[in-house]
């Protein structure tokens with residue numbers, strides 16, 4: 016370990032300062048004016064030109080690093096939520112199928128189950144933010160097992176069809192006959208994220 020004589024260092028600094036002060040008194044400040052201005056300006060210029068730019072860049076990099084950390088922290092959650100959203104979109108009708116999807120799907124389900132409707136209302140649409148809700152009303156005369164098969168077919172359909180209203184009335188004749196009044200609906204998103 017090197018021992019430093021502190022009093023000797025202080026003495027040398029004092030001697031240097033005395034020399035500078037003595038030279039300034041002898042020669043005058045006008046002779047050293049330009050150098051003094053440059054010497055005083057250099058620390059300020061170096062501070063603003065070098066240090067502040069580096070400090071700003073360090074702050075920017077620190078901010079970018081924090082954003083990256085947050086993104087990495089929440090990336091798995093985002094991927095999971097995005098996947099769930101895509102799965103939900105897959106269950107809903109596409110906007111280009113808006114015109115006749117509900118009507119054709121219900122008509123095909125009735126045909127598949129061998130059911131004839133007594134009343135088949137055209138679909139009506141209700142606008143909402145980001146989409147459209149389509150509703151279709153039908154009246155059918157069926158036996159209970161036929162109704163269950165028809166409703167199961169609609170519920171299992173992709174894109175999704177929701178049974179909004181189901182009124183079931185027992186008819187006296189023929190035996191086992193029921194009158195069902197159904198309102199079926201689906202949501203068509205016009206805006207997807």
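In my numbering, the protein residues as written are 16 to 208. Glycine included, every Cβ here is placed at the ideal spot set by N, Cα and C. As the structure is a prediction and not an experimental result, all values here were calculated from the model.
Is DSSP giving residue i helix, strand or coil here?
{"i": "residue 147", "result": "strand"}
{"i": "residue 115", "result": "coil"}
{"i": "residue 173", "result": "coil"}
{"i": "residue 42", "result": "helix"}
{"i": "residue 35", "result": "helix"}
{"i": "residue 185", "result": "strand"}
{"i": "residue 207", "result": "coil"}
{"i": "residue 27", "result": "helix"}
Since residue i and residue j should fall inside the 8 Å C-beta cutoff, what is the C-beta to C-beta distance between them, to a whole number of angstroms?
{"i": "residue 182", "j": "residue 172", "result": "Not quite, the Cβ-Cβ distance comes to about 21 Å (not below 8 Å), so this is no contact."}
The beta strand (DSSP E) spanning residue i covers which residue range?
{"i": "residue 203", "result": "192-204"}
Runs of beta strand (DSSP E) wholly within the region 52-138 (minimum 3 residues, chain order): 132-135
Touching by the beta-carbon criterion (3+ pairs, under 8 Å), the region 119-136 and the region 152-170: Touching, yes, given that three or more Cβ pairs across the two stretches are closer than 8 Å.
Three or more C-beta pairs below 8 Å linking the region 83-95 and the region 146-154: Under the Cβ criterion (8 Å, minimum of three pairs), the region 83-95 does not count as touching the region 146-154.
The region 102-121 contacting the region 197-204, beta-carbon criterion three pairs below 8 Å: The region 102-121, when compared against the region 197-204, does touch it at the 8 Å Cβ threshold.
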